[in-house]
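A short worksheet on the structure shown next.
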Amino acid sequence: MSRFFATGSDSESEESSSADEITPKAPGTTLKQSLLLSDDEEDTKRVVRSAKDKRFEELTNLIKTIRNAMKIRDMAKCLEEFEQLCRAFLKSKNIVDKEGVPSFYIRLLADLEDYLNLLWEDKEGKKKMNKNNAKALSTLRQKIRKYNRDYETEITAYKENPQESADEEEEKEAGDSGSSSDSDDDDDDDDDGVSAKAFLKKKPESAPDASKFLKSSKGSGESSSSEDDDEGGWGSDPVGSGSESSDEDQGKSASLAVVFLKKTHESEKSADKKVSKRKKIKKEHLEEEPEEGEGEEVEGGWEKVKGGVCLVKEKPKMFAKGTEINIPVVVKKLNEILQARGKKGTDRAAQIELFNALAAITAENNLGQGILVKIKFNIIASLYDYNPNLAAFMKPDMWKKCLDCINELLDILFEDNNIFIGENIAEDSENLAISEQPFRVRGCILTLVERMDEEFTKIMQNTDPHSQEYVDNLKDEGKVCNIIDRLLDYLETKGSTEEICRVYLRRIMHTYYKFDYKTHRRSLGLPAESKSEQDQDESEGEDSAIIMDRLCKFIYAKDRTDRIRTCAILCHIYHHALHSRWYQARDLMLMSHLQDNIQHADPPVQILYNRTMVQLGICAFRQGMIKDAHNALLDIQSSGRAKELLGQGLLMRNMQERNAEQEKIEKRRQVPFHMHINLELLECVYLVSAMLLEIPYMAAHEFDARRRMISKQFHHQLRVGERQPLLGPPESMREHVVAASKAMKMGDWRTCHSFIINEKMNSKVWDLFPETQRVREMLVRKIQEESLRTYLFTYSSVYDSISMHTLSEMFQLEIPTVHSIISKMIINEELMASLDQPTQTVVMHRTEPTSLQNMALQLAEKLGSLVENNERVFDLKQGVYGGYFNRDQKGSYQQKHGGYQRGGYRNQNQNNY
Numbered sequence: 002m003s004r005f006f007a008t009g010s011d012s013e014s015e016e017s018s019s020a021d022e023i024t025p026k027a028p029g030t031t032l033k034q035s036l037l038l039s040d041d042e043e044d045t046k047r048v049v050r051s052a053k054d055k056r057f058e059e060l061t062n063l064i065k066t067i068r069n070a071m072k073i074r075d076m077a078k079c080l081e082e083f084e085q086l087c088r089a090f091l092k093s094k095n096i097v098d099k100e101g102v103p104s105f106y107i108r109l110l111a112d113l114e115d116y117l118n119l120l121w122e123d124k125e126g127k128k129k130m131n132k133n134n135a136k137a138l139s140t141l142r143q144k145i146r147k148y149n150r151d152y153e154t155e156i157t158a159y160k161e162n163p164q165e166s167a168d169e170e171e172e173k174e175a176g177d178s179g180s181s182s183d184s185d186d187d188d189d190d191d192d193d194g195v196s197a198k199a200f201l202k203k204k205p206e207s208a209p210d211a212s213k214f215l216k217s218s219k220g221s222g223e224s225s226s227s228e229d230d231d232e233g234g235w236g237s238d239p240v241g242s243g244s245e246s247s248d249e250d251q252g253k254s255a256s257l258a259v260v261f262l263k264k265t266h267e268s269e270k271s272a273d274k275k276v277s278k279r280k281k282i283k284k285e286h287l288e289e290e291p292e293e294g295e296g297e298e299v300e301g302g303w304e305k306v307k308g309g310v311c312l313v314k315e316k317p318k319m320f321a322k323g324t325e326i327n328i329p330v331v332v333k334k335l336n337e338i339l340q341a342r343g344k345k346g347t348d349r350a351a352q353i354e355l356f357n358a359l360a361a362i363t364a365e366n367n368l369g370q371g372i373l374v375k376i377k378f379n380i381i382a383s384l385y386d387y388n389p390n391l392a393a394f395m396k397p398d399m400w401k402k403c404l405d406c407i408n409e410l411l412d413i414l415f416e417d418n419n420i421f422i423g424e425n426i427a428e429d430s431e432n433l434a435i436s437e438q439p440f441r442v443r444g445c446i447l448t449l450v451e452r453m454d455e456e457f458t459k460i461m462q463n464t465d466p467h468s469q470e471y472v473d474n475l476k477d478e479g480k481v482c483n484i485i486d487r488l489l490d491y492l493e494t495k496g497s498t499e500e501i502c503r504v505y506l507r508r509i510m511h512t513y514y515k516f517d518y519k520t521h522r523r524s525l526g527l528p529a530e531s532k533s534e535q536d537q538d539e540s541e542g543e544d545s546a547i548i549m550d551r552l553c554k555f556i557y558a559k560d561r562t563d564r565i566r567t568c569a570i571l572c573h574i575y576h577h578a579l580h581s582r583w584y585q586a587r588d589l590m591l592m593s594h595l596q597d598n599i600q601h602a603d604p605p606v607q608i609l610y611n612r613t614m615v616q617l618g619i620c621a622f623r624q625g626m627i628k629d630a631h632n633a634l635l636d637i638q639s640s641g642r643a644k645e646l647l648g649q650g651l652l653m654r655n656m657q658e659r660n661a662e663q664e665k666i667e668k669r670r671q672v673p674f675h676m677h678i679n680l681e682l683l684e685c686v687y688l689v690s691a692m693l694l695e696i697p698y699m700a701a702h703e704f705d706a707r708r709r710m711i712s713k714q715f716h717h718q719l720r721v722g723e724r725q726p727l728l729g730p731p732e733s734m735r736e737h738v739v740a741a742s743k744a745m746k747m748g749d750w751r752t753c754h755s756f757i758i759n760e761k762m763n764s765k766v767w768d769l770f771p772e773t774q775r776v777r778e779m780l781v782r783k784i785q786e787e788s789l790r791t792y793l794f795t796y797s798s799v800y801d802s803i804s805m806h807t808l809s810e811m812f813q814l815e816i817p818t819v820h821s822i823i824s825k826m827i828i829n830e831e832l833m834a835s836l837d838q839p840t841q842t843v844v845m846h847r848t849e850p851t852s853l854q855n856m857a858l859q860l861a862e863k864l865g866s867l868v869e870n871n872e873r874v875f876d877l878k879q880g881v882y883g884g885y886f887n888r889d890q891k892g893s894y895q896q897k898h899g900g901y902q903r904g905g906y907r908n909q910n911q912n913n914y
């Protein structure tokens, strides 16, 4: 038994000889041990594992296969296993939703993407790949980039602290896994060769004593300690290892319990050991992979590389040492940098830095303003090219650089009057050198400013309008307007008429939609709110109306393109309407005749036309022109898509009506949020206008079968209100208007007034107008007048005569106003009555039919139409029309306005509305 305690050499010969001598020793004992182990194995097979363990084990096995394929650069295998991994992860969706995305899965996605990027950038390595691997690399790179978009936050968190993520994963695996996970991790760790421990794992049933012998025969040091830790999972007992074979008969059950207790006790140690091994392997992996990808020495781990091929190798040196820096050398270097512009893989940020460095060198050597202006033009153009996608907007840092660069360029142009710039200057005829001749530089500052204005619009379109970021971005509009004003001053002296018209339009587009509160306060005679405002008013010269008038009139006179003139007219009308100058806005719209051919204009101009018409209608409503307001708003509101027509959003549509490309184009046409028109206010103005027109008309033509609708949308809202089974107090704006309409129908103007003007409606609609109190007073007056008309239409058949004094008290109107309304109704033959001037009464003329007579007339008309239809069908069958269209000669039917109407009673003039 002394050989079991021998601490001889570590040679393989001693291990093999000792193993050979163990085999014939105590065969009965060995058989018993093997039987015990076989029972143990059967017990472990019967353990029921959870669905989570099964799914995660399947994922880890696939991940191991992928990592092995990564080590040998087998891209085809990687692609195949990655597709299987995606399918397996999809099957585990229910478990992932409960437990969260496992960290080992995120780690693989991050490592695989980095690994593929390194391979992709390794030009030499890609050339050596075979065709299948190269194709698989390209496909897998596209798939992993697309797949990782769904896990950007998790991957970012992992990349920020990869070691911590790995520790969390190991702790989770150590807590959840048993002996099976231990064996998997050991297999993963022992990649270099097959150890004695791995050999024993393959043949655990041979002899348990052999493991004791091999364990004791190991030499001291790190290998012995690591093997001791790893062997603990296989049921070896250090206390029992020193016992003789005769001690094994003391009891199988006790030894079996010790085996399992030892296993659970040492699992924590083995897990800690594995964590340290994993950390070591991860560190080596991070240090080795950059060397494989680029072959460059990278200090501090990974180097973050932007999309595209890095320009470190191709970056041109500015100037060699000792080179004389003059204008031809700088121009040559400028052209050298420009050659990379627009090419695939060009680092645009590095290109901008090169331009700035070249500008700094030019300024240091005093080469003149001409070459500096040329470089500034290229810097601004490269800033615009930084986002090649039209839909993308500039990032804040690029936007700030762009504004600063344009201001610097304008400063140079204002300082030196001898610089001439223009698109018509050829590059061959440029004069960049300092001489007596003025500088001539090819470029257009107006185009750059127009592009800057468009970029500002895109920034506002792509910012959340309800965030503080939108307010911060909107503050930049002052800088944009300041640049446009400076350019305007510059072009007024050196620009052509066409360029002046273009910059004037840009200035108009930033002015037309803004309400001038200071001018409005001055017009009402109100003092400024504070001393600072008074100082500001004094410093500011002309108000917005004078500026708009001057700019627009210049365009009307000088512009040769229809588009700029059309936009200027529409902006001018919009500004007049916004400031309640109704008659100027109306006359300008009628004189321009834009409504005749606006359908041929491009969509942005049509959106501007729609916005102008809406603002014109709201202005008419504020002035009490109810019919004009309704007519102006009718086309927009009756379409049911006012939001889309005003460029304030897109409606949900099928893909057949609008594909993805059209949707992108329409999104670029949207108006920024700060220019929006309140759609609820717009709808309320339209519905109230329709109510004031429709309710008296409905009362006047209650029994007319051919009654036409003034507003279909208003009738739709009335029908919706009538279909409601329970009528509670109104909540929405539409319900308030419907409730007010029902009250007006009965002639109850007070109830109608309470529904239209109350706290809720004030906060939603009426308080949004600049002259709130005046609008409310106008509305009350209109409600009183139309309620009076409705009352007379509805109840005229009940009265023989009615006093105007009574009507004045009922509707709280002055007697002259009541007299005027009734006189108009009599003149238009809407009311069959006469005025008795001495007694101030209205005498009704009993010409109105009773309800029974009206019903009889309707029945007669319907029977007549029935007879006509029957005779038409009969004539069609006979093939003879029987003089159907000559019936007007017999006197029974009369042809009127393209249709047929029963001759006789009540052919009155009904064209009042």
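Quick note: the sequence shown uses this note's numbering, first residue 2, plus one each step.
The beta carbon of each residue, even a glycine, is placed where N, CA and C say it ideally should be.
Do you know whose CA, among the options, lies nearest residue i's CA?
i: residue 689; options: 701, 753, 663 and 676; result: 753
i: residue 464; options: 483, 660 and 396; result: 396
i: residue 595; options: 622, 578, 618 and 566; result: 566
i: residue 608; options: 568, 618 and 826; result: 568
i: residue 775; options: 625, 86 and 332; result: 625
i: residue 514; options: 564, 95 and 678; result: 678
Are residue i and residue j touching if we call contact CB-CB under 8 angstroms?
i: residue 693; j: residue 787; result: yes
i: residue 812; j: residue 767; result: no
i: residue 738; j: residue 725; result: no
i: residue 838; j: residue 804; result: no
i: residue 422; j: residue 403; result: no
i: residue 66; j: residue 82; result: yes
i: residue 784; j: residue 757; result: yes
i: residue 556; j: residue 506; result: yes
i: residue 440; j: residue 425; result: no
i: residue 613; j: residue 571; result: yes
Mark residue i as exposed unless 16 or more other C-beta atoms lie within 10 angstroms of its C-beta, in which case mark it buried.
i: residue 220; result: Any answer about residue 220 is weak, because its pLDDT of 40 lies below 50 and its placement is not dependable; what the coordinates show is given next. Exposed: under 16 other Cβ atoms inside 10 Å.
i: residue 143; result: exposed
i: residue 643; result: buried
i: residue 816; result: exposed
i: residue 697; result: buried
i: residue 802; result: exposed
i: residue 610; result: buried
i: residue 79; result: buried
i: residue 516; result: exposed
i: residue 334; result: buried
Which residues does DSSP pair with residue i in a beta bridge?
i: residue 845; result: 834
i: residue 432; result: 441
i: residue 353; result: DSSP output for residue 353 lists no bridge partner at all.
i: residue 804; result: 842
i: residue 372; result: BP columns for residue 372 are empty, so no partner.
For the alpha helix (DSSP H) that residue i lies in, which residues bound it at each end?
i: residue 770; result: Residue 770 -> no alpha helix (DSSP H), and no H or E assigned at all.
i: residue 678; result: That residue, residue 678, is in no alpha helix (DSSP H); it is neither H nor E in DSSP.
i: residue 854; result: 852-879
i: residue 599; result: Taken as a continuous stretch (DSSP letters only), residue 599 belongs to no alpha helix (DSSP H), as it is neither H nor E.
i: residue 347; result: Looking at the DSSP string, residue 347 is not in any alpha helix (DSSP H), and its letter there is neither H nor E.
i: residue 590; result: 583-593
i: residue 462; result: 446-462
i: residue 96; result: 94-100
What are the start and end residues of the beta strand (DSSP E) that includes residue i?
i: residue 422; result: 420-423
Shorter than 8 angstroms from the beta carbon of residue i to some beta carbon of chain C?
i: residue 519; result: Checking the listed chains, one finds no chain C in this structure; it contains a single protein chain.
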